[in-house]
Amino acid sequence: MPIDLPETIRPLFVAAGWPAQVTAPEADIGPNGHPANDLLRAFNGLCVGHCGAGEECAAGDIEFRAKPGLHDEKVIVAMQRKLNTTLVCIGDVHHGHGALFVDSRGACYLMSQVHDAFWLQGNTFAVAAEGLLLGRKSQTQLL
64 MPIDLPETIR PLFVAAGWPA QVTAPEADIG PNGHPANDLL RAFNGLCVGH
114 CGAGEECAAG DIEFRAKPGL HDEKVIVAMQ RKLNTTLVCI GDVHHGHGAL
164 FVDSRGACYL MSQVHDAFWL QGNTFAVAAE GLLLGRKSQT QLL
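Given below as structure tokens:
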């Protein structure tokens, strides 16, 4: 399934080498049909954006790569149960200070890798990526 990128962030993906620099993931890391698989097929290996001043808060980067080791983190297991979904990590954000997860419906969440925090970044990948790359505040902190 092709990923539709908003014009606000498409140039950041192109500057990162998209689509030519995408590397094929070794295997699907989410269940069959999970949106994370399509996202990694579209962007795996790219590091998009940079950390710095943003529109409302700090803008960040997204480094797309499978991180299945994070799927067993206590907070992820608890949030999957609480949200009744499967969360799959598709990469790091903010120079590895956070991890980006996608749920079964395509909503994106961030988990801090520095302190105990977990929040909804956007109901779609496009909204989440715009928020991260342009420095827009997320609306809902869950933990």
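Residue numbers (our numbering): 64 to 206.
Even glycine gets a Cβ: it sits at the ideal position worked out from N, Cα and C.
Taking the alpha-carbon of ALA90 as reference, which of LYS130, GLY80 and ILE66 has the nearest alpha-carbon?
It is LYS130.
For the region 88-155, list the beta strand (DSSP E) runs that are entirely contained and at least 3 residues long, ordered along the chain.
You should have 110-115 and 122-127.
Just verifying my parser: in three-state terms, what is the DSSP assignment at VAL165?
If DSSP states are grouped into helix, strand and coil, VAL165 belongs with the strands.
For CYS110, which residues in the same chain have their Cβ closer than 7 Å to its Cβ, ignoring the five residues on either side in sequence?
Correct list, in chain order: ALA79, ASP124 and GLU126.
By the DSSP assignment, the alpha helix (DSSP H) with LEU197 in it spans what residues?
Start and end: 188-197.
Less than 8 Å separating the beta-carbons of HIS157 and CYS120?
No.
Rounding to the nearest angstrom, what Cα-Cα distance links TRP81 and LEU163 in this structure?
Using only the alpha carbons, I get a separation of about 19 Å.
The alpha helix (DSSP H) spanning LEU75 covers which residue range?
73-78 is the extent of the alpha helix (DSSP H) around LEU75.
Pick from GLU118, CYS152, GLY132 and LEU102: whose alpha carbon is nearest that of ILE66?
With distances taken between Cα atoms, ILE66 lies closest to LEU102.
Give the single residue among GLY185, GLY117, LEU205 and CYS171 whose Cα lies nearest to the Cα of LEU196.
It is GLY117.
Using the beta-carbon count (16 or more within 10 Å), is VAL165 buried or exposed?
Buried, because 16 or more other Cβ atoms sit within 10 Å of the Cβ of VAL165.
Got a sec? Which residues, its chain only, sit under 7 Å from GLY93 by beta carbon, not counting five neighbours each side?
Same-chain partners within the cutoff: ALA99, ASN100, THR149 and VAL151.
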